[in-house]
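Asker: First, the structure itself, so that you have it in front of you.
There are 4 protein chains.
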Amino acid sequence: MNAPTKARMRRKADRPGEILEAAFEEFAKHGYAATRLEDVAKRVGVTKGTIYFYFETKERVFDEMIRHVSRPIFDEVTSFVAALEGPFGVRLRALLDFLFRFIAEERVGREVMRFLIAEGARFPDLVERHHREFLVPFLERLREMIAAGIKAGEFRATPALRYPELIFSPALLLNVWWLLFDDRHQIDVKMFIDAQFDLLMDGLSMGGLESEPKRLSAKLPRSGRSKA
Amino acid sequence: MNAPTKARMRRKADRPGEILEAAFEEFAKHGYAATRLEDVAKRVGVTKGTIYFYFETKERVFDEMIRHVSRPIFDEVTSFVAALEGPFGVRLRALLDFLFRFIAEERVGREVMRFLIAEGARFPDLVERHHREFLVPFLERLREMIAAGIKAGEFRATPALRYPELIFSPALLLNVWWLLFDDRHQIDVKMFIDAQFDLLMDGLSMGGLESEPKRLSAKLPRSGRSKA
Amino acid sequence: MNAPTKARMRRKADRPGEILEAAFEEFAKHGYAATRLEDVAKRVGVTKGTIYFYFETKERVFDEMIRHVSRPIFDEVTSFVAALEGPFGVRLRALLDFLFRFIAEERVGREVMRFLIAEGARFPDLVERHHREFLVPFLERLREMIAAGIKAGEFRATPALRYPELIFSPALLLNVWWLLFDDRHQIDVKMFIDAQFDLLMDGLSMGGLESEPKRLSAKLPRSGRSKA
Amino acid sequence: MNAPTKARMRRKADRPGEILEAAFEEFAKHGYAATRLEDVAKRVGVTKGTIYFYFETKERVFDEMIRHVSRPIFDEVTSFVAALEGPFGVRLRALLDFLFRFIAEERVGREVMRFLIAEGARFPDLVERHHREFLVPFLERLREMIAAGIKAGEFRATPALRYPELIFSPALLLNVWWLLFDDRHQIDVKMFIDAQFDLLMDGLSMGGLESEPKRLSAKLPRSGRSKA
DNA sequence: AATGAATGAGGATTCATTCAT
DNA sequence: AATGAATGAATCCTCATTCAT
């Protein structure tokens, strides 16, 4: 780490990117205030000065780090949502799978949530940006899907139409669960999604006495993810 | 203003309590690392030294602050859950109302969640304690209630039985929403709970062709909160 | 200097004053930017932190240091000028003696001038304050004295009445001389003042052929200072 | 703005000179310690590295900058003084005019004085060089002129003969005035010189009762500068 | 109990300087 | 000749912690 010194391994193509990724790790581990830029530098294999060559302040490093790690998510969410097709139940399930993957299972999505919650007061713009560019569009897509499902006669006209957040919330719970317990008290994601989907579709209450009330959901493909 | 300041002379006999409450405010606003014990002291109207008379370190102040503000919640949750009665749908609704109040609407509950998420890495015991003493018992109570509801024929036997967290998750969403947006992008809590309850009970899908599938939920009392 | 450590020699009555005097020495030696507050602290026998206990920033230390060392001069100038009496030639001579003492011979006066010249761009208020509170009143007193001398028939009505700075300028020269050369290329202050006074009174040109044109100045007491 | 920037391609052949002139501006504005070589470079339109190609250290840049801007003054002073002719009163007046121009009115002369005062401790050689090459010769010329004037019967034999600095001092005052106040509290240079000349020639005191004591100075040409 | 003065380790930031290209 | 990337020592400032009173 402090090898023969002098080894200025320069022109490493994407120093800023490397720095931001190292910053992600350090900020995720210690939080904004307790992170030392020196440790970020050490992780990249450069010195403090190098970071200041690329970024004006620690705040700037943090801000750009969030942009850096968020962009791929933003992009993928956008294109995924645009590409949804098929029956609405199927679409919904696909959306849930996707959502869980990005917001709960992927470390970046999880930690971004931690950053927003923990450092939101210091970086209010960041929070607003995520609301505007990520949350609002996503919820709107959800709402449209539900509305279309209702029109198509697949879904009930529920007040949930006003609160697509409700559909979103189990994924958030998993996200927070992970943030809190990491790998202690693990939850089986696949089973959790299945359970949400079942509950979401048919609810808790005994729906009368009919023989085949659960048809629709029963036919749906379960979460395609096999590894979890 | 800094005359013989008699207001300060009250010698509340509860200096430690005062300090912990001031600490709550400061830690909530700035996070652990960025909070200055001096500001906590100033808020109480004493000097830093006084804090060190009662608490050994800053970490200790934080830890005891969490205990201090959590205890009333712990207690109330315990006794509330023990006192639930009546039809299970009604109990569930009551539990939801309660949950929302403590985890989302009350500032203390909200901020404790922020502390756990933001500082969990630094205070792992804290997180474990909340898991053990708050979350697990609460989820267990939820599960028992659902199980009893199923036994009583009121509820379907859903896989949600394994994941009572699902029922808990909208409250968490509201909690996080508040942590992120404070009073920007407000959500109407009463309508939100109603929506959750409706969805939770009857689900999204058109439940076959039966004539009266939604009876139960229709009869349930709506949220008792009148102001929202 | 780094003795047995722990010797917190506290309550030293006038810590702020001590710090400002140490600061004067360090700033005088190195200039504002090149002075290390740590060296100031070392000079007092405390640590950096102590300085920040009393002063918010380095700029503040500098600013207050100037006030601290300037005040006695301001005060003495004010009271001295107010107390002048006697024939105007005598008064003028006394004023010159006084002026030289404060602006040129005394180290503080000299160094304050250096600070104003060297750091004026960074501390414009400082410069304005000295202009307003020191320079303007002093020049005004000078002017009044000359005007009174003219009225009394002792002085010629010269255009110098508009520029009392002219009378002031040799003292400034000595000041700057000292700032530049310290004790190299020394000038004998007493002789210098005598020379100024002679020149000031009677000028360079041969004043006609009269036998006793220089009476007045010839009778004046020479500078009373004997040590220089 | 940062297109192929052709303006920069002029390859002035005098990069060092450009750098030194940029350095003059930056050092004049911020002082030695607070000047960043990077800003000097930016002013020239090159990078820091380029400066280090021509100069070994920052101190070297400063030192050579002073030489660079002083040389023209040195040269002009030398040749001007050598060329003086005519009655001594006229010569004196011409010398004063010249002096004021170089030491007070011209920015370079003024700022060099600031450098000497502010950074003399760090660059003692600089100060000595100016003393030896500029101040001493100039004062010597002044002294010779006065001595010759006395011999010629134009001037009185005053002790000022020992201190030609006295004649120099109003110009210094104007210089310092400018350094301190820039364009605040302006002084009319022409009137100031006239006043000095009047005072210098005939002094303050009522010169006996003679009828025509002021002949000489009255006939002298006033400052040749017409605009002031 | 409480204060106020003091400490000193620690971290953000700056910038003269280096050097491979 | 000139650049751009990198270094690392230096310095300001902060703040948890200590302790005599």
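Protein chains in written order, with my numbering: chain V, 15 to 242; chain G, 15 to 242; chain W, 15 to 242; chain A, 15 to 242.
Cβ coordinates follow ideal geometry from the N, Cα and C atoms, glycine included.
Treat the numbers as computed from the prediction; the structure is a model and nothing was measured.
From the beta carbon of Ile117(W), is the nearest beta carbon of chain A less than 7 Å away?
Answerer: No, Ile117(W) does not count as interfacial toward chain A.
Asker: Work out the CA separation of Arg121(W) and Phe206(A) for me, nearest whole Å.
Answerer: A direct Cα-Cα distance of roughly 29 Å separates Phe206(A) from Arg121(W).
Asker: Go to Asp202(V), then tell me how far its alpha helix (DSSP H) extends in each direction, as first and last residue.
Answerer: Careful: Asp202(V) lies outside any alpha helix (DSSP H) and carries neither H nor E.
Asker: Listing by chain order, which chain W residues have their CB less than 7 Å from the CB of His199(A)?
Answerer: Those are His145, listed as they occur along chain W.
Asker: How is the alpha helix (DSSP H) around Tyr68(A) delimited, first residue to last?
Answerer: 62 to 68
Asker: I'd like to know if Ser183(G) contacts chain V, where contact means its C-beta is closer than 7 Å to some C-beta of that chain.
Answerer: yes
Asker: From Ile87(G) to Ala37(G), what does the alpha carbon distance come to, in whole angstroms?
Answerer: 18 Å
Asker: What are the start and end residues of the alpha helix (DSSP H) that includes Ile87(G)?
Answerer: From DSSP, the alpha helix (DSSP H) with Ile87(G) extends over 72 to 96.
Asker: Here's a check: name, in chain order, each residue in its chain whose Cβ is nearer than 6 Å to the Cβ of Phe112(G), leaving out the five neighbours to either side.
Answerer: Phe94
Asker: Are at least three pairs of beta-carbons, each pair with one atom in the stretch 189 to 202 of chain V and one in the stretch 160 to 178 of chain V, less than 8 Å apart?
Answerer: no
Asker: If you count every other CB in all the chains shown that lies within 10 Å of the CB of Glu179(A), and 16 or more means buried, which is it?
Answerer: buried
Asker: Chain G beta carbons: is any one of them nearer than 7 Å to that of Glu158(V)?
Answerer: no
Asker: In chain order, which alpha helix (DSSP H) runs of at least 4 residues are fully inside the stretch 99 to 137 of chain W?
Answerer: 102 to 113, 121 to 133
Asker: Is it true that the stretch 69 to 86 of chain A meets the stretch 40 to 51 of chain A, where meeting means three or more beta-carbon pairs spaced less than 8 Å apart?
Answerer: yes
Asker: Given the structure, does Asp77(G) come close to the ligand ADP, in the sense that its CB is under 6 Å from one of the ligand's heavy atoms?
Answerer: Within the structure as shown, the ligand ADP is missing, as the structure has no ligands at all.
Asker: Which residue's Cα is closest to the Cα of Val58(W): Val91(W), Glu39(W), Glu70(W), Asp139(W)?
Answerer: Glu39(W)
Asker: Beta-carbon of Asp53(V) versus every beta-carbon of chain G: anything under 7 Å?
Answerer: no
Asker: Tell me whether the stretch 184 to 192 of chain V and the stretch 116 to 136 of chain V touch, counting them as touching only if at least three CB pairs, one residue from each stretch, are closer than 8 Å.
Answerer: yes
Asker: Taking Cβ-Cβ distances below 8 Å as the criterion, which residues of the stretch 164 to 180 of chain G are in contact with chain V?
Answerer: Per Cβ criterion, the list reads Gly167, Glu168, Phe169, Arg170, Thr172, Pro173, Ala174, Arg176, Tyr177, Glu179, Leu180.
Asker: Starting from the Cα of Arg85(A), find the closest Cα among Leu34(A), Glu158(A), Tyr66(A) and give me that residue.
Answerer: When the alpha-carbon of Arg85(A) is set against those of Leu34(A), Glu158(A), Tyr66(A), the nearest one is in Leu34(A).
Asker: Find the nearest neighbour of Lys43(A) within the set Val126(A), Ala162(A), Phe102(A), judged by alpha-carbon distance.
Answerer: Looking at the Cα atoms, Val126(A) is the closest of the given residues.
Asker: From Pro30(A) to Tyr68(A), what does the alpha carbon distance come to, in whole angstroms?
Answerer: 6 Å
Asker: Between the stretch 94 to 108 of chain W and the stretch 152 to 168 of chain W, are three or more C-beta pairs nearer than 8 Å?
Answerer: yes
Asker: For Ile65(G) and Ala55(G), what's the separation of their Cα atoms in angstroms?
Answerer: 7 Å
Asker: Would Arg155(W) count as contacting chain A if we go by Cβ distances under 7 Å?
Answerer: no
Asker: Just grab the DSSP bridge partners of Ser219(G) for me.
Answerer: Residue pairing of Ser219(G) in beta bridges, as defined by DSSP: Phe169(V).
Asker: Between Ala132(A), Arg146(A), Met215(A), which has its C-alpha nearest Val190(W)'s C-alpha?
Answerer: Taking only the C-alpha atoms, the option nearest Val190(W) is Ala132(A).
Asker: Pull up the distance between the alpha-carbon of Val203(W) and that of Leu218(A), whole angstroms please.
Answerer: Taking the straight line joining both Cα atoms gives about 21 Å.
Asker: Throw me the rounded Cβ distance for the Ile201(W) and Leu140(W) pair, which I believe falls under 8 Å.
Answerer: Wrong, their Cβ atoms sit about 28 Å apart, outside the cutoff.
Asker: Between Gly103(A), Glu70(A), Glu142(A), which lies nearest to Lys165(A) when the distance is taken from Cα to Cα?
Answerer: Gly103(A)
Asker: So, does the CB of Met215(A) fall closer than 7 Å to a CB anywhere in chain W?
Answerer: yes
Asker: Just the chain V side, please: which residues come within less than 7 Å of Lys72(G) by C-beta, in chain order?
Answerer: The contacting residues do not exist; Lys72(G) stays about 12 Å from chain V at best.
Asker: Run the CB neighbour count on Ala174(G), radius 10 Å, all protein chains shown included, and call it buried at 16 or more, exposed below.
Answerer: buried
Asker: How about Arg124(G) and Trp192(G): are their beta carbons less than 7 Å apart?
Answerer: yes
Asker: Along the stretch 119 to 145 of chain W, what residues have a CB closer than 7 Å to any CB found in chain A?
Answerer: Arg128, Leu130, Ile131, Ala132, Gly134, Ala135, Val141, His145
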